[in-house]
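Below is one structure, written out as structure tokens; the observations come after it.
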Amino acid sequence: NGMMRSRLTRKNLLNGYRFLLKCDGCPPIYSNNQNLIELIKLCGGICLQEIKDQPPNTVTIVLCQDSFLVGKRELYEQCQHIYISFLKPEWLLASVTKYLLEPMEDYEVVPS
Numbered sequence: 001n002g003m004m005r006s007r008l009t010r011k012n013l014l015n016g017y018r019f020l021l022k023c024d025g026c027p028p029i030y031s032n033n034q035n036l037i038e039l040i041k042l043c044g045g046i047c048l049q050e051i052k053d054q055p056p057n058t059v060t061i062v063l064c065q066d067s068f069l070v071g072k073r074e075l076y077e078q079c080q081h082i083y084i085s086f087l088k089p090e091w092l093l094a095s096v097t098k099y100l101l102e103p104m105e106d107y108e109v110v111p112s
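Numbering-wise (the UniProt record's numbering), the sequence shown opens with residue 1 and increments by one.
Here it is, written out as structure tokens:
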């Protein structure tokens, strides 16, 4: 039960996670990124305007739709090399709902 887990857990779900949002919300639930940003911050995550570095002991995730990586295989490979993941925003919603990090592989975005 995600609600009970969120109250009983002393650690924020997204502590050590940084997010760059390259999506337009998470339709049909959220039509813009403002609600996603609020969720990230409430769960202890950090929202970035751009990625300048990859500090140790952090996880950087780009939230995006499949269309974001069309024709961007080189960018994808460079980011994979420094452990930056591209995930659909549904990963965030599923994780927050359960207050348990969902497997990233189920929500991974890869270039087509």
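All C-beta atoms, glycine included, are put in the ideal place defined by N, C-alpha and C.
- Within the region 61-86, the complete alpha helix (DSSP H) segments of 4 residues or longer fall at 73-81, listed in chain order.
- Taking every protein chain shown into account, the CB of Val109 has 16 or more other CB atoms within 10 angstroms, so this residue is buried.
- Sequence-distant Cβ neighbours of Ile29 in its own chain, meaning closer than 7 Å and more than five residues away, are Leu93.
- Residue pairing by DSSP places Ile46 opposite Arg18 in a beta bridge.
- Here the region 11-23 makes contact with the region 39-52; the two share three or more CB pairs at distances below 8 Å.
- Between the beta-carbon of Leu21 and that of Asn33 there is about 5 Å, and that keeps the pair under the 8 Å contact cut.
- With a contact defined as Cβ atoms closer than 8 Å, Val62 and Ile40 miss out at about 13 Å.
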